[in-house]
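Chemist:
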Amino acid sequence: MIHCSDDSYYTGITTDVERRFEQHKNKKGAKYFYGREPKKIVMIESGYDRSSASRREAEIKKYTRADKLSLILSV
């Protein structure tokens, strides 16, 4: 999960976290970052295959901001 310049949180999946973060910083990643900057990686979960990672991503994207903050603080 990435903390953004507008104080929002972005959730995505990748096999290479640092490479993907650099892509987002260089505007070569998700459209979510048009108009906002990725500031810091605040949470990483690992150990999922592609299918379960996609399900977990969808689950987290449905969380409220408060739920996301609780998840970040629990790690």
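Position one of the sequence shown corresponds to residue 46 (the numbering used here), numbered consecutively onward.
For each residue, glycine too, the CB sits at the ideal point set by N, CA and C.
(1) Going straight from the alpha carbon of Lys-73 to that of Ile-105, what length do you get?
(2) Should Ile-47 be labelled buried (16 or more other beta-carbon atoms within 10 Å of its own) or exposed?
(3) Which same chain residues end up closer than 8 angstroms to Thr-59 when comparing Cβ atoms and leaving out the 5 residues on each side of it in sequence?
(4) Measure the alpha-carbon distance for Ile-117 versus Val-87 and round it to whole angstroms.
(5) Glu-82: which of Ser-91, Gln-68, Ala-98 sits nearest, CA to CA?
Modeler: From the atom records:
(1) 23 angstroms
(2) buried
(3) Arg-65
(4) 7 angstroms
(5) Gln-68
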